[in-house]
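Here the structure comes first, spelled out in structure tokens, and everything after it is commentary.
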């Protein structure tokens, strides 16, 4: 039979705290707000109770509780989608150019998302072209913009989905969010196979279509040497070390995915941005020299 007075039973439980612990808690009460809790974590780091990396992660967990899917999502205009009726070669080009592992698939209007395509499933089409692309689609998960990240992460873990389409209050597609977007709120930026190990060096990789993937923090000197060009800024008063910084200055804003800019006889297309900076460009020879070419 259950206790009719659970509060009384709770009150009768012995207090196992020592006298010194009680005095310490009286003198230094626990934090009463999230801001105070974050300050406490900073003090713990200063006192070498926890490592800096641990503090950052714990702060991320605390701050994530205040965020929603709408705060973190990739907005609809920047979504990389696949048209169900597109030819195989065109679909393959999108997969190679964007380097994502999962893609929302639409039929007709971009709002009409009918499923999720895993890049690895395209290998099945390559081996058996008679297969219908629709048969390879995975179910799509829709979440509202107001979905809290804590709940979304729990759902991602439960249903093993890594991507969800975000809808607004009118039922229209507002964007998409991945499990990586959520986890980065806790652990910080997650490097993938296209990210460079040394952020100060940058790098250039040749692609199958004879274009190049160039890191945004690659030095201008290295780009000039690799492509045999002479890129110089038009603003003599500004000095730039990286190609991403120079292009952002030339464009007058932080470039977004899909934006294009001609510079030094090269055509730069933004492939990937993070933290307000371009991480990767796709670079090919331009049809005509840019204004800053020598």
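Numbering (this note's numbering), first residue to last: 248 to 541.
Glycine is no exception: its CB is placed at the ideal position from the N, C-alpha and C atoms.
Count the other CB atoms within 10 Å of the CB of residue i; is the residue buried (16 or more) or exposed (fewer)?
i, result
"residue 464", "buried"
"residue 497", "buried"
"residue 428", "buried"
"residue 411", "buried"
"residue 351", "buried"
"residue 462", "buried"
"residue 513", "buried"
"residue 370", "exposed"
"residue 403", "buried"
"residue 299", "exposed"
"residue 453", "exposed"
"residue 396", "buried"
"residue 460", "buried"
"residue 519", "buried"
Rounded to a whole number of angstroms, what is the C-alpha to C-alpha distance between residue i and residue j?
i, j, result
"residue 530", "residue 524", "17 Å"
"residue 316", "residue 287", "28 Å"
"residue 391", "residue 466", "41 Å"
"residue 420", "residue 313", "22 Å"
"residue 380", "residue 357", "17 Å"
"residue 548", "residue 504", "Residue numbering for the chain in the displayed model covers 248 to 541; residue 548 lies beyond these limits and cannot be assessed."
"residue 495", "residue 342", "25 Å"
"residue 451", "residue 527", "10 Å"
"residue 468", "residue 491", "12 Å"
"residue 365", "residue 347", "9 Å"
"residue 334", "residue 368", "15 Å"
"residue 473", "residue 517", "19 Å"
"residue 332", "residue 340", "14 Å"
"residue 384", "residue 457", "30 Å"
"residue 416", "residue 398", "18 Å"
"residue 293", "residue 302", "10 Å"
"residue 479", "residue 393", "45 Å"
On the DSSP bridge list, what partners appear for residue i?
i, result
"residue 519", "527"
"residue 532", "513"
"residue 489", "466"
"residue 425", "410"
"residue 499", "In DSSP, residue 499 forms no bridge with anything."
What is the C-beta distance between residue i and residue j, in whole angstroms, given that I count them as a contact (C-beta under 8 Å)?
i, j, result
"residue 363", "residue 387", "5 Å"
"residue 509", "residue 533", "5 Å"
"residue 297", "residue 291", "5 Å"
"residue 330", "residue 345", "14 Å between Cβ atoms; not a contact."
Report the residue ranges of all alpha helix (DSSP H) runs contained in full by the stretch 269 to 338; include only those spanning at least 4 residues, in chain order. 281 to 293, 299 to 311, 316 to 319
Within the stretch 339 to 409, ranges of the alpha helix (DSSP H) (whole runs, at least 4 residues): 369 to 374, 396 to 406
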